[in-house]
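Taking it in order: structure first as structure tokens, then the write-up.
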Amino acid sequence: MRRLLFLPLALLLAATLPAAASEPYTVGAIFSITGPGSSLGIPERDTARMLEAEINARGGVKGPDGRLHPLKLVIYDDASDETKAVLAAKKLIDEDRVIAIVGTTLSGTSLAILDTTQRAEVPVVSCAAAAKIVEPAAERKWVFKTPQSDALIVGVLVDHLKARGLVRVAWAGVDYAFGQLGWLAFEKATQAAGLTVVANEKFAQKDIDITPQLTRIKAAAPQAVVVWSIPPSASIATRNYADLGLKMPHFQSHGVGNKRYIELAGPAANGVSFPAGKLLVAEQLDDRDVQKPVLIAYARDFEAKYGSRNTFGGHAWDAVKLVVRALETAGPDRAGVRTALESTKGFVGITGVFDFSPTDHNGLDRRAVVMVQVVDGQWRLAK
Amino acid sequence: MDAQRRWRLLGAVGLVVAAVSYAVPSSYVLGILVFVALNGLAALGLSLVMGFAGQVSLGQAAFFAIGAYASGLFSTGLGWNPWLGVVAAVAAGAVAAVAIGLPVFRLSGLLLAMATLGFGVIVYYVLNNWAAVTGGPSGLTGIPPLSVGGIAIDTDARALVLVGFVLLLALGLAGNLVDSRVGRALRAIHGSEAAAASAGIDVMRLKLAVFAAAGGLTALAGALYAHYVRFINPSPFGIGYSIELVVMVVLGGVSSLPGAVLGAAAVVLLVEALRALVPALGASHGAAEYEIVLFGLVLMAFMIFLPGGLAGGRRRAA
Amino acid sequence: MGPAELGQYLASGVVVGGIYSLIGLGFVIVFGVTRIVNFAQGEFVALGALVLATLSARGVGLPLAFTGAVAAGVAAGMLLERVAVRPLRAMPSLAILIVTIGASIALRGGALLVWGTDPFAVPAFWAGPPLVLGGAVIVRQGLWVLGAAACVFALLWAFFTRTYAGAAFRACAANARGARLCGMRVDRMRLAAFALAGGLGAVAGAVIAPITYATYDMGLMLGLKGFVAAVIGGLVSPAGAIAGGVALGVVEALAAGLVSSAYKDAVAFVVLIALCLAQAAGWVPWRVAEEG
Amino acid sequence: MSAALLEARGLGRDFGGLRAVNAVEFDVHAGQIKALIGPNGAGKSTTLGMVAGAIVPSRGGVRFEGRPLPAGRPHAVAARGIARTFQLVQLFGDMTVLETVLVGCDRAGRAGWAACALRMPAMRREETRLHARAQEILALVGLEARAALPAEALPYGEQRLLEVARALATAPRLLLLDEPGAGLDAGERTRLAGLVRTVRAHGTTVLLVDHHVAFVMDLADDVLVLCHGEKLAEGTPDVVRRDPAVVAAYLGEDAL
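Protein chains in written order, with my numbering: chain C, 1 to 383; chain A, 384 to 701; chain F, 702 to 993; chain L, 994 to 1249.
Structure representation (structure tokens):
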């Protein structure tokens, strides 16, 4: 019934729009909708779907031919698994014939599909953080990424610590790529800044009690503690921290940039600070910030449909938008899209303002990171 | 099946594989077949353990990982020829199997299964935490492709030819073995250890040898995986993959060597079919969620109703 | 390192050990009566935690939510026995192990479909700041865990040694065929054992949820740790499982605190393999029960 | 008389607190058919198990051809030239009759894993030779017509004969038969007795355990009587039959 009603309406619309008959632009996406990466992958998928609907509601992507092309987004779940990601990439490239790929969610899967996509010469905009994915850019010709690299995030954190005279610091990180890469960046940044790391502990994402690690840290008497993980282990660590009665300043990573962290940790989260993209505190930004309107609009749209905002969805927003912008200048041409991506300048996204170049396929700088503090269960922009 | 017919059949399959790799342009289809062959090779190893030593290894993924890392590390860190890396990987897999099998094979089946599971978890932790050598959780990049006679195996079609050839060769050799004196002794052990020993068969040694062969085969699959994907990290080699291998072997029928490959094909194709099907059904969940439920139910159903597996053997598991 | 840290490691280890003990008891019940290692035991734990989380989020009172969680566990245990284990009862125990692996995957997948991947917070049964005991901090919910382990153990002990049904259970464990010849309903006892194990798993899940949160995939690792606890205790002894769990929890906490936290989770599996090897070599004063 | 082929000295085995076998001593001479008899629970099968290496003695040991037998390593005992059958028939799952006997020929084969996997010519010649040998042995026990059948499809009596064939395939100098007559009817038992005599005639010594006294007394050259795990009497069937202790132990059993 409904279809019958829609049909004449659609025909009417088609007649009025200038380029309705043009062929769609097909873009692929691979997200970790299930598996350990799903808390990142699901908001990424939701954001991508939201953008697709939004763009198509406006008629589609305006290609270099001046016509509007509907955007067709083909999304696959890699279940946070490297093998499945590789097959998904091959399927997007050879079966769905996509012009570009958005994703994957995790660093491991992004590195796993690297060989496939580079050889097939398909541009990829990853939503995973590891710097290795795009460095060296000369070798990783076809790959770009939207999340801030660890060095960037950690750099802001370390400057924050140093500015407050917190020079004896302790570290506790989760034992997978996120924690490992965070530690490597932290080790380097603290050395450069002259801070002393008095403890380096690891814990597992499935750990149910991180008290022993924190007890060790307590014994090392640091002036500040940095915990690098995502919920639920990040929340458990936060609660254990409060239960142990530790009073020194407590820092976490951008991995806790969703409301679930605060829900799980409860009042123990109050006072915790972490470096993150500006999305969480969009409303508190200075009005002169170019990102502010973009952030507020995205947060409003996302929260209307899917619940509380988080920075992971923002990574997908940037990735899809970047690809769409490239399609506008290059059309359905893989090499052209790549070139267009590489020459992107001053793109105001959710994660930051992107300036890609042949030597930089991340294109962000420190302006993309702020310090956020949890106050009364809400995010506050730290000064 | 006698040896000549088996080799002729394998040869014919080999020709089909070669034709497919030449004629099919889609790297997706070729990629699926490569993963079927890689999983088939790994499952072949486990099927030797389950079908012929009568033991269950719940840590077989560890051998896959050992093979992948041995070859990956030798060819990147030490700059060896990748083929030398593959040889080292097979040796590492076999040695690791003997090292773990020597003490645990004296245990009853259940404890042995749990001990292999523990071994699998420990290997995973070592790969994940010994970052100085293994690259840790973020893995190892830049693994070179294998090359044959100066031709780099860096396309899906070439990889399929190579991995398919290795798999068929392994199937043929394992088939020969099972049909020989050694194979008879293995089947005898599976039937009755006491009677086999009374005929002068050294049960422990033979079981260890099977475990070593299985470790080597699974490690070989891991090494080929590393040079095909050219990136490895620990996360695909956890308990989940060990159990997936058990599912493949049970699906194919535990004592059937071609069955293991069939089981691997069934699992890989099922996953891909679900990926195509689930979004088409308009479900809000990811395909992987249904896949997990289905895996569990299929594993139970085959154990209960079809212990002979897809290949329809008469023997039962373990 | 001062005594304060050592005290804290012990306190944390005992609480975590209590969790392992509770889960280990479920393995002991099933193995004791049926000589089956039930790989799905951990999934009962997850089920209990998730049901409790859902019910309390809907505003159901704690006692009722707890009862609901346990009922779900009992039902899952009985279903598993009826559907998967009974048809295979004449099969080697390894075949049944594989079936229970299948069941655990299916249960986990089912939980994923129902509850999704997000962890759920569950309020502590007894709100308030943690207790301080000689410098060591113990969260209040930890006392619930230990109390539940003690209660369950006491009830099991009373049941096995003080009641006729308990004696029948033990007879069935010792010799299923003999028990059947004496007119015991062995099938019914196996069903009861799985029901009991399911309920016990759910109790464990419910009391630990405020500490660990409730997630669909929490069962695998907790189940394995519980299994190691049961193996340390000899796999057939409830008292052994309690002691084994506490020992494992303390060793893990000490390993993380005194040696290195990088390999903390590997400790349980090193212990498992070491025990298996020691038994193979005949070095252990107590035996891990073999299949019957 | 020459030194004994097999000498058991001070043999004992405890199960928990129970002394299943204690201080049992006996010799088996080359060319003999020797029988171990005794009531249920006398320790006959345990004693045989200790000789075969399947059970580790708690005390004492066994020497074969002057050298001690390895305890608890049945395959090593088999390698020394001792073969056995089982109280409960132990076949190999779905093997055929011929394959079952070929397993017994395993020790006569030399081809290793590589030779088998590659089907080397030497390995194939060896297979042909082993097949011929297995057929010969099947003919000896009268199962040649059954070669291609699944072993488990044979009637029970023939399964017992097949076990003997498998044991003979190892070319043993000493054959251990554990309750070979159990579950056989009179005709089958006669056929078995004939086979045992043929085996002896081919130069293989036989040590058998049975509780069917008439069958044993008729067949054996020498009889050892066990009771409650200890040696009660030893000698020729006639001597044993008249032994008052044996009569007392078997009181009420008409067979004597």
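Beta carbons: idealized from backbone N, C-alpha and C, even for Gly.
Every value quoted in this text rests on a predicted model; they were computed, and no experiment measured them.
Against chain C, the beta carbon of residue 922 of chain F has neighbours under 7 Å at 206, listed in chain order.
For residue 970 of chain F, the chain A residues whose Cβ falls inside 7 Å of its Cβ are 501, 504, 505, in order along the chain. DSSP, read as helix, strand or coil, puts residue 1061 of chain L in strand. Per the C-alpha coordinates, the member of C:282, C:97, C:303 positioned closest to residue 293 of chain C is C:282. The Cβ atoms of residue 166 of chain C and residue 223 of chain C sit closer than 8 Å to each other. If you ignore the 5 residues before and after residue 1167 of chain L, its C-beta comes within less than 8 Å of the C-beta of 998, 999, 1021, 1057, 1074, 1075, 1076, 1197, 1198, 1199, 1200, all in its own chain and listed in chain order. With a cutoff of 8 Å on beta-carbon distance, residue 419 of chain A and residue 648 of chain A are scored as near each other.
For residue 77 of chain C, the beta-bridge partners assigned by DSSP are C:31. Contact annotation, residue 70 of chain C with residue 24 of chain C: C-beta distance approximately 4 Å; criterion of less than 8 Å satisfied. By a beta-carbon distance limit of 8 Å, residue 940 of chain F does not contact residue 718 of chain F. Their separation comes to about 14 Å.
Contacts between residue 28 of chain C and chain A, judged by CB atoms closer than 9 Å, are missing: the closest CB pair is about 12 Å apart.
Using a CB distance below 7 Å, the part of the segment 125-159 of chain C facing chain A consists of 130, 132, ordered along the chain. The shortest CA-to-CA distance from residue 215 of chain C to any of C:205, C:201, C:208, C:75 is the one to C:201. According to the DSSP assignment, residue 631 of chain A belongs to the alpha helix (DSSP H) that extends over 622-635. Interface annotation, residue 93 of chain C: in contact with chain A, CB-CB separation under 8 Å. In this structure, the alpha-carbon of residue 344 of chain C lies about 14 Å from that of residue 141 of chain C. Within chain C, no C-beta atom comes less than 9 Å from the C-beta of residue 704 of chain F; the nearest is roughly 11 Å away. The beta-carbon separation of residue 746 of chain F and residue 924 of chain F, rounded to 7 Å, stays under the 8 Å limit for a contact. Fully contained in the segment 571-605 of chain A are the following alpha helix (DSSP H) runs of length 4 or more, in chain order: 576-581. For residue 482 of chain A, no Cβ of chain L is located within less than 8 Å of the residue's own Cβ. Here residue 813 of chain F is actually not in contact with residue 627 of chain A; their C-beta atoms are around 16 Å apart, not less than 8 Å. With the rule of 3 Cβ pairs closer than 8 Å, the segment 587-595 of chain A does not count as touching the segment 49-63 of chain C.
8 Å or more divides the Cβ of residue 930 of chain F from the Cβ of residue 708 of chain F.
Between residue 366 of chain C and residue 155 of chain C, the CB-CB gap stays under 8 Å.
Short of 8 Å from the beta carbon of residue 778 of chain F, and not among the five residues preceding or following it, lie these beta carbons of its own chain, in chain order: 745, 895, 896, 897, 898, 899, 900, 902.
A check of alpha carbon separations from residue 888 of chain F across F:714, F:703, F:791 identifies F:791 as the nearest.
In the DSSP assignment, residue 1020 of chain L falls within the unbroken beta strand (DSSP E) covering 1011-1021. Take residue 93 of chain C, set aside five residues on each side of it, and the residues of its chain with a beta-carbon closer than 6 Å to its own are 120, 122, in chain order. In the structure shown, residue 44 of chain C adopts helical secondary structure according to DSSP, grouped into three states. By the criterion of a C-beta distance shorter than 6 Å, residue 109 of chain C is surrounded in its chain by 78, 82, 85, once the five residues flanking it on both sides are discounted. In this structure the segment 475-488 of chain A does not touch the segment 534-548 of chain A; the number of beta carbon pairs closer than 8 Å is below three.
Neighbours of residue 202 of chain C across chain F, judged by C-beta separation under 7 Å: 962, 963. Looking only at C:107, C:106, C:91, the smallest Cα-Cα distance to residue 100 of chain C is reached by C:91. Put simply, the backbone Cα of residue 556 of chain A is about 50 Å away from that of residue 332 of chain C. For residue 497 of chain A, the nearest CB of chain F lies under 8 Å from its own CB, placing it at the interface with that chain. Between residue 279 of chain C and residue 826 of chain F, the alpha-carbon positions lie close to 36 Å from each other.
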